[in-house]
Amino acid sequence: MKDDQDYLQRAVELARQNVAAGGRPFGAVLVRDGQVLAETVNQIHLSQDPTAHAELLAIRVASQRLGPRLDGCVIYASGQPCPMCLSAMYLCGVARAVFAVDNASAAPFGLSTAAVYEQLAQPLAAQRLPVQHLPQAAMNEIYRDWQVRHAAR
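So for the sequence shown, the UniProt record's numbering puts the first residue at 1; every next one is plus one.
The structure is reproduced here in structure tokens:
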């Protein structure tokens with residue numbers, strides 16, 4: 001079985017290849033029980049999709065095989081996962097994330113997501129992006145309906 005260094009080196013190599021192909025320096029490898037389930041690179045330059053991060057793409061590939069829960073999986077990433085990718089890891093149950101370069105090291109290259117982490121650490125009302133809560137009573141019924149249908153499975 002490979003160790004963290006081997007998988008992480010593969011993620012770094014994917015990042016190197018992506019830069020050579022005109023992309024951003026991000027690669028990810030998603031592994032479970034010693035089996036590589038996905039190897040992906042950041043594809044923003046190809047798709048113009050700002051969510052096409054290597055980690056999210058790896059989650060999408062693995063989820064096609066395993067379903068929406070990725071319990072027991074480890075993601076190896078060339079860069080520190082951004083808040084979006086980290087949130088996705090929490091939501092799908094990834095067990096662990098390992099990365100090669102942190103935000104402080106990425107900052108001189110304009111590749112840090114530390115500012116986003118800082119915004120999210122503030123109370124919602126203090127964040128730069130206005131987010132407004134307008135309660136809708138119908139949502140309670142919709143949530144109850146979902147709960148009944150989900151419990152019946």
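By construction, the Cβ of each residue, glycine as well, lies at the ideal position given by its N, Cα and C atoms.
Task: Proximity below 8 angstroms, CB of residue 79 to CB of residue 121 - done: With respect to the 8 angstroms criterion, residue 79 and residue 121 are not classified as neighbours on the basis of their beta carbons.
Task: Selected residue, minimal CA-CA separation from residue 42, among 108, 135, 85, 153 - done: Distances from the alpha-carbon of residue 42 to those of 108, 135, 85, 153 put 85 closest.
TODO: Using the Cα positions of residue 40 and residue 60, report the straight-line distance between them to the nearest angstrom.
DONE: One C-alpha to the other measures close to 10 angstroms.
Task: Spatial distance of residue 49 from residue 99 (CA atoms) - done: Cα to Cα, residue 49 sits roughly 23 angstroms from residue 99.
Task: Beta-ladder partner(s) of residue 75, from DSSP - done: Residue 75 is bridged to 30, 97.
Open item on the list: Rounding to the nearest angstrom, what Cα-Cα distance links residue 1 and residue 28 in this structure?
Closed with: Unreliable positioning characterises residue 1 in this predicted model, as indicated by a pLDDT of 44, which lies under 50. A coordinate reading is not provided.
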